[in-house]
Amino acid sequence: MIKGMMCKWNIELIRKDYATPKNIPVKQRVYQGDSWSPLIFILVTAGIIHKVKTDVEVGKETRYRYKLIAFMDDLKAHSPTLEGLKLMTKVIEEGAAELGLELNKKKCGFYTRETEGNVVTAGANGNSETAGIEGDVGTAETDGLEGDEVGDEFLPRIKKRYKYLGITQLEKDIPEENFARMTTKYIERTKKILQSKLTTNQKRKLYNTTAIPAGIYVTGNLFPAERVASTLTRCRRIDLEVRKIAVNENIKTRPTANARMYLPEQIGGSAFRSLEVETCIQYIRRYVYLMAKTEVADAKKIFMAMHKGGCRSPEYTKEIAGPHLFSS
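Written out as structure tokens, the structure is:
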């Protein structure tokens, strides 16, 4: 059934000089936009991961201490040795080729603590790692690398940082840089929406469905060296900037209470969503999910290990929700 769906993939070309739209079939790679695409990406990536995990040479070279993480068509690999990383990259390329895909080396990179030797460095999951690869299989674009060099390496070498799923990181997230970048883009997007010629209802809907989700994706997935309350204070400042823009665009008047901007329309509010409140909800939602779902027990262990390492974990989120929500 999946193959049948893939055979029907096509791009529709519409031109004024064409009486009817022209259908152009997709002959290779995975079409992005079809409802089947996420499932196919997962199935394809699973096949590549299985090939790496069952490769005897990879196991011997890394002493079975490697890690391979995938999200859709994005792969991250960690190895205790650089040679192990090179071997994993080779197997990933071979596995992708068997499925008609290729490793997009322009969007890949690797980093090590030292260019030679096997130096133990602590990973976020508490295991040892010395080398990592981040990149893409197929057609999806990543945000790219910063400070990379190609040279004679098997992949571009990452010197400073890279972006994985929109979050700037190296061995772990870089909270301050991510938050500053998010804040700048968030305010820019908000100004573009609220200063447009759309109606107030259209502006609200666009803000609630684009700016807010993009903001909480960053605030809800960073692990800064601060308490949750401090992060929420930052979000509160961003909400303040948004209200100032709303006042300038006559969406909110100065005498109007700030709370009315976020209250539902049914009780006289403007129904705008608050970044502070939505971020808090995101923390609680993640905590509840990790604590309640047995199928994510491994993820729960990783979060707890991060907490022991001084990083933020669901334990901090429990303080927001209060003892009543999590009482047994």
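Every letter in the sequence shown is one number past the one before it in the working numbering, and letter 293, counting from 1, is 293. C-beta atoms are modelled at their ideal positions from N, C-alpha and C, and glycine is treated no differently.
Residue j beta carbon less than 9 Å from that of residue i
i: T279; j: T210; result: no
i: T89; j: L165; result: no
i: V56; j: G84; result: no
i: R204; j: S270; result: yes
i: L290; j: F272; result: no
i: P224; j: E176; result: yes
i: L87; j: I48; result: no
i: L43; j: K53; result: no
i: L222; j: I167; result: yes
i: I245; j: Q169; result: no
i: A46; j: A70; result: yes
i: R227; j: F179; result: no
i: Q266; j: I216; result: no
Residue(s) in a DSSP beta bridge with residue i
i: A70; result: L75
i: Y164; result: I167
i: Y283; result: In the DSSP output, where bridge partners are listed per residue, Y283 has none listed.
i: I24; result: I11
Whole-number beta carbon distance between residue j and residue i, since they are thought to touch under 8 Å
i: V91; j: K51; result: 6 Å
i: Y66; j: H78; result: 6 Å
i: F41; j: D17; result: About 36 Å separates the two Cβ atoms, so there is no contact after all.
6 Å Cβ shell around residue i - same chain, five flanking residues per side excluded
i: G126; result: Note that G126 has pLDDT 26, beneath the 50 cutoff, so the model's placement of it is unreliable and the number below is only indicative. Closer than 6 Å at the Cβ level, and outside the excluded window around G126, lie A305.
i: I14; result: P21
i: I193; result: K203, L206, Y207
i: N201; result: none
i: G95; result: I48, K51
Residues near residue i by beta carbon distance below 7 Å, same chain, minus five either side
i: N258; result: R243
i: T62; result: S79, P80, T81, G84
i: L232; result: E276, T279, C280
i: D148; result: Reliability fails at D148, whose pLDDT of 48 lies under 50, so the model's placement of it is uncertain and no value is given.
i: E249; result: L194, Q195
i: Y229; result: Here residue 229 turns out to be Ala, not Tyr, going by the sequence shown. Once the five neighbours on either side are set aside, A229 has no close Cβ partner at all.
Contacting residues, own chain, Cβ-Cβ under 8 Å from residue i (five flanking each side not counted)
i: T253; result: V247
Stretch pair the segment 261-268 + the segment 282-297: three plus CB contacts closer than 8 Å: no
Between the segment 240-256 and the segment 181-194, can you find at least three pairs of beta-carbon atoms closer than 8 Å? Two segments are said to touch when three or more pairs of C-beta atoms, one from each, lie closer than 8 Å; by this definition the segment 181-194 touches the segment 240-256.
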